[in-house]
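Participant: Before we start, here is the structure in question, set down as structure tokens.
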Amino acid sequence: MKRYRVLLIGAGQLGSRHLQGLAKSTLALDIDIVDISPESLEVAKQRFFEVSPVNVTIGEMKTALKELPAKNYDLAILATNADIRELITKQLLYCHNVSNIIFEKVAFQSVEQFKRVFELLNDKGVKSWVNCARRYFVGYKKLAQELKNKGPLDFKLIGTEWGLACNSVHYIDLFFFLSGDSEYVITEDSIENKIYDSKRKGFVEFYGYFIGMSKNGSAFKIECNHLDSNQEMRPTSIEIIQASKSYRIEESKNIISVFDKDNNSLVKEFEVGIIYQSSLTGFQAEDIILNNKSNLPTIEESYNAHKPFLNMLKSKYESITCKLMETIPIT
Numbered sequence: 007m008k009r010y011r012v013l014l015i016g017a018g019q020l021g022s023r024h025l026q027g028l029a030k031s032t033l034a035l036d037i038d039i040v041d042i043s044p045e046s047l048e049v050a051k052q053r054f055f056e057v058s059p060v061n062v063t064i065g066e067m068k069t070a071l072k073e074l075p076a077k078n079y080d081l082a083i084l085a086t087n088a089d090i091r092e093l094i095t096k097q098l099l100y101c102h103n104v105s106n107i108i109f110e111k112v113a114f115q116s117v118e119q120f121k122r123v124f125e126l127l128n129d130k131g132v133k134s135w136v137n138c139a140r141r142y143f144v145g146y147k148k149l150a151q152e153l154k155n156k157g158p159l160d161f162k163l164i165g166t167e168w169g170l171a172c173n174s175v176h177y178i179d180l181f182f183f184l185s186g187d188s189e190y191v192i193t194e195d196s197i198e199n200k201i202y203d204s205k206r207k208g209f210v211e212f213y214g215y216f217i218g219m220s221k222n223g224s225a226f227k228i229e230c231n232h233l234d235s236n237q238e239m240r241p242t243s244i245e246i247i248q249a250s251k252s253y254r255i256e257e258s259k260n261i262i263s264v265f266d267k268d269n270n271s272l273v274k275e276f277e278v279g280i281i282y283q284s285s286l287t288g289f290q291a292e293d294i295i296l297n298n299k300s301n302l303p304t305i306e307e308s309y310n311a312h313k314p315f316l317n318m319l320k321s322k323y324e325s326i327t328c329k330l331m332e333t334i335p336i337t
């Protein structure tokens with residue numbers, strides 16, 4: 007059986023789940039892991055063996071990329087925070103030969119970082135994707151087919167405390183996937199004039215909403231509200247209106263409900279088909295390594311999802327702080 011080499015950079019909460027997903031792969035994989043924290047490396051190793059891998063082994067575990075000897079990797083997964091991702095990408099590609107990369111989102115903290123990484127990836131001939139994984143969910147694949155070629159759609163997401171700065175790119179990408187669009191402009195934003203500390207130390211969050219419009223006439227509104235002391239947590243919900251039907255997506259219940267738009271009667275329901283990262287990364291690796299493709303958006307496609315959003319938050323951050331920023335501290 008041919009063995010493939012994978013490098014996982016970042017073995018924290020999300021990185022360790024990537025490792026569990028890789029452990030379930032049907033491919034024979036040798037995985038090297040890099041994380042600045044020895045404790046994170048140890049936790050990741052424990053989680054790896056929790057899933058009883060068969061043909062997958064852990065190779066070297068290091069606290070810095072420079073500690074790894076030069077190697078050829080079939081796939082690298084960059085699960086670091088966004089603030090160091092450009093630097094890590096440069097270090098990786100200057101020292102190793104890498105065929106494919108999966109970047110976590112937010113991929114980069116500025117449009118300029120994207121452009122510099124684009125140039126490097128092109129120079130090195132590396133194919134890359136961004137881990138907006140909802141494209142793998144069976145229910146969203148089914149919904150995308152149902153919405154296809156039926157005209158523009160109206161997409162609205164609302165919830166409390168779900169992390170607008172951290173997670174909006176996931177939902178913009180879902181809008182792309184369901185609408186078939188690949189570009190948008192922000193036509194309105196009502197982001198609060200206040201910067202909040204993120205749950206992740208050293209990063210920030212925002213509250214409010216923004217509205218986008220695609221060149222094909224579809225629109226979205228993405229809104230994140232505070233949880234007041236007298237309120238219950240409101241899980242994110244998505245409403246989509248198109249032609250004669252409306253759709254309600256409740257990921258917390260794993261349900262997509264379809265309604266007749268005229269009388270609001272329930273037509274049918276089906277599951278979202280949520281796949282957690284600890285069960286997904288193996289499939290992603292197989293698609294990329296064996297088939298040279300992925301359901302994930304390419305980095306070029308994801309750039310179109312990131313660009314207006316990053317520029318909006320950068321302008322907001324600068325207006326609040328009265329400072330010009332090269333990057334926006336989100337991850």
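Residue numbers (this note's numbering): 7 to 337.
For each residue, glycine too, the CB sits at the ideal point set by N, CA and C.
(1) Anyone know if the C-beta pair for ILE244 and LEU149 falls short of 8 angstroms?
(2) Measuring only the C-alpha atoms, how far is THR95 from TYR215?
(3) Please report how far the alpha carbon of GLY279 lies from the alpha carbon of LEU14, in whole angstroms.
(4) Would you kindly check if the distance between the Cβ of ILE295 and the Cβ of GLU229 is under 8 angstroms?
(5) Apart from the five residues just before and just after MET174, which ones in its own chain have a Cβ nearer than 7 angstroms to its Cβ?
(6) Using a Cβ-Cβ cutoff of less than 6 angstroms, which residues in the same chain neighbour LEU71 once the five nearest sequence positions on both sides are dropped?
(7) Reducing DSSP to helix, strand and coil, say where ILE326 ends up.
(8) My parser needs the alpha helix (DSSP H) runs of 4 or more residues fully inside the region 82–125; what are they?
(9) Round the Cβ separation of ASN61 and LEU81 to the nearest angstrom and send it over; I've been treating them as touching at under 8 angstroms.
(10) Over what stretch of residues does the beta strand (DSSP E) that includes ASN231 continue unbroken?
(11) Once you ignore the five residues that flank GLY157 on each side, which residues in its own chain have a CB closer than 7 angstroms to its CB?
(12) CB-CB under 6 angstroms to GLU256, same chain, minus the five flanking residues each way: which ones, in chain order?
(13) At what residues does the beta strand (DSSP E) containing SER285 begin and finish?
(14) Can you tell me where the beta strand (DSSP E) with SER220 in it begins and where it stops?
(15) Counting C-beta neighbours from all protein chains within 10 Å, is the total for TYR202 16 or more, i.e. buried, or is it exposed?
(16) Kindly indicate which three-state DSSP category ARG11 falls into: helix, strand or coil?
(17) Counting pairs of beta carbons, one from the region 101–116 and one from the region 25–43, are three or more of them closer than 8 angstroms?
(18) Go to ASP179, then tell me how far its alpha helix (DSSP H) extends in each direction, as first and last residue.
(19) Helix or strand or just coil, what does DSSP make of LYS133?
(20) Would you mind working out which of ASP129, ILE64, ILE42 sits nearest ILE90, comparing C-alpha positions?
(21) With distances taken Cα to Cα, identify the nearest neighbour of LEU126 among CYS101, SER258, LEU33.
(22) Exposed or buried, which one is SER325 when buried takes at least 16 other CB atoms within 10 Å?
(23) If I follow the unbroken beta strand (DSSP E) through TYR253, where does it start and stop?
(24) Taking all protein chains shown into account, decide if LYS320 is buried (16 or more other Cβ within 10 angstroms of its Cβ) or exposed.
(25) Would you mind working out which of ILE83, ASN222, LYS162 sits nearest LYS111, comparing C-alpha positions?
(26) Could you pull out every residue in the same chain whose Cβ sits closer than 6 angstroms to the Cβ of GLY18, ignoring the five residues on either side in sequence?
(27) Secondary structure at PHE143, three-state DSSP: helix, strand or coil?
(28) I think ALA139 touches GLN283, with their Cβ atoms under 8 angstroms apart; what is that distance to the nearest whole Å?
(29) Using only the alpha-carbon positions, how far apart do THR327 and HIS176 sit?
(30) Sorted by chain position, which residues of the same chain lie with C-beta nearer than 7 angstroms to THR337's C-beta, five sequence neighbours on each side aside?
(31) Quick check on the burial criterion: 16 or more other C-beta atoms within 10 angstroms. Buried or exposed for GLY218?
(32) Where do the N-terminal and C-terminal ends of the beta strand (DSSP E) with ALA34 fall, by residue?
Facilitator: For this structure:
(1) Against the sequence shown, residue 244 aligns to sequence position 238. Against the sequence shown, residue 149 aligns to sequence position 143. No, these two residues do not count as a Cβ contact at 8 angstroms.
(2) Along the sequence shown, read from residue 1 onward, the residue named residue 95 stands at position 89. Along the sequence shown, read from residue 1 onward, the residue named residue 215 stands at position 209. If I take the Cα positions, the gap works out to 32 angstroms.
(3) As a working note, residue 279 is residue 273 in the sequence shown. As a working note, residue 14 is residue 8 in the sequence shown. Distance between the alpha carbons of GLY279 and LEU14: 26 angstroms.
(4) Mapped onto the sequence shown, residue 229 falls at position 223. Mapped onto the sequence shown, residue 295 falls at position 289. Against a cut-off of 8 angstroms, the Cβ pair of ILE295 and GLU229 comes out as no contact.
(5) Mapped onto the sequence shown, residue 174 falls at position 168. It should be noted that the sequence gives Ser, not Met, for residue 174. Excluding its 5 nearest sequence neighbours in each direction, SER174 has C-beta neighbours in its own chain below 7 angstroms: ILE228, PHE315, listed in chain order.
(6) One-based indexing of the sequence shown puts residue 71 at position 65. Cβ within range, chain order: VAL40, GLN97.
(7) In the sequence shown, residue 326 corresponds to position 320, counting from 1. Correct three-state label for ILE326: helix.
(8) 91–101
(9) Looking up residue 61 in the sequence shown gives position 55. Looking up residue 81 in the sequence shown gives position 75. That pair is no contact at about 15 angstroms.
(10) The residue you call residue 231 lines up with position 225 of the sequence shown. Looking at the DSSP string, the run of the beta strand (DSSP E) that includes ASN231 is 225–231.
(11) Residue mapping note: residue 157 aligns to position 151 of the sequence shown, counting from 1. Within the same chain, GLY157 has close Cβ partners GLN248, ALA249.
(12) Here residue 256 refers to the residue found at position 250 when the sequence shown is read from its first residue. Closer than 6 angstroms at Cβ, skipping near neighbours: SER243.
(13) Locating residue 285 in the sequence shown gives position 279, where the first residue counts as 1. Taken as a continuous stretch (DSSP letters only), SER285 belongs to no beta strand (DSSP E), being part of the alpha helix (DSSP H) at 283–297.
(14) Translated into positions along the sequence shown, residue 220 becomes position 214. SER220 -> beta strand (DSSP E) spans 214–220.
(15) The sequence position of residue 202 within the sequence shown is 196, counting from 1. TYR202 comes out exposed.
(16) On the sequence shown, residue 11 is found 5 positions in, with the first residue counted as 1. Here ARG11 sits in strand by DSSP.
(17) no
(18) Translated into positions along the sequence shown, residue 179 becomes position 173. Looking at the DSSP string, the run of the alpha helix (DSSP H) that includes ASP179 is 170–185.
(19) For this step, residue 133 is matched to residue 127 along the sequence shown. In the structure shown, LYS133 sits in a strand (DSSP, three-state: E or B).
(20) The residue you call residue 90 lines up with position 84 of the sequence shown. Nearest option by C-alpha distance: ILE42.
(21) Sequence index remark: in the sequence shown, residue 126 carries index 120 (1-based). That would be CYS101, whose Cα lies nearest to the Cα of LEU126.
(22) Looking up residue 325 in the sequence shown gives position 319. That one is exposed.
(23) Counting from 1 along the sequence shown, the entry for residue 253 is found at position 247. Membership of TYR253 in the beta strand (DSSP E) is indicated by the continuous run 251–256.
(24) By one-based count along the sequence shown, residue 320 stands at place 314. Buried: at least 16 other Cβ atoms inside 10 Å.
(25) Position 105 of the sequence shown holds residue 111. Answer by Cα proximity: ILE83.
(26) Position 12 of the sequence shown holds residue 18. If we look at GLY18 and ignore the five residues flanking it on each side, its Cβ neighbours are SER46.
(27) Taking the sequence shown and counting its residues from 1, the one referred to as residue 143 is at position 137. It is coil, neither helix nor strand.
(28) The sequence position of residue 139 within the sequence shown is 133, counting from 1. The sequence position of residue 283 within the sequence shown is 277, counting from 1. Right, the Cβ-Cβ distance comes to about 7 angstroms (below 8 angstroms), so this counts as a contact.
(29) By 1-based counting over the sequence shown, the position of residue 327 is 321. By 1-based counting over the sequence shown, the position of residue 176 is 170. Going from the Cα of THR327 to the Cα of HIS176 covers about 27 angstroms.
(30) Numbered from its first residue, the sequence shown carries residue 337 at position 331. The residues are ASN87, ALA88, ASP89, VAL112, CYS172, ARG206, PHE209.
(31) Here residue 218 is taken as the residue at index 212 of the sequence shown, counted from 1. That one is buried.
(32) Along the sequence shown, one-based indexing puts residue 34 at 28. Note, ALA34: beta strand (DSSP E), 34–40.
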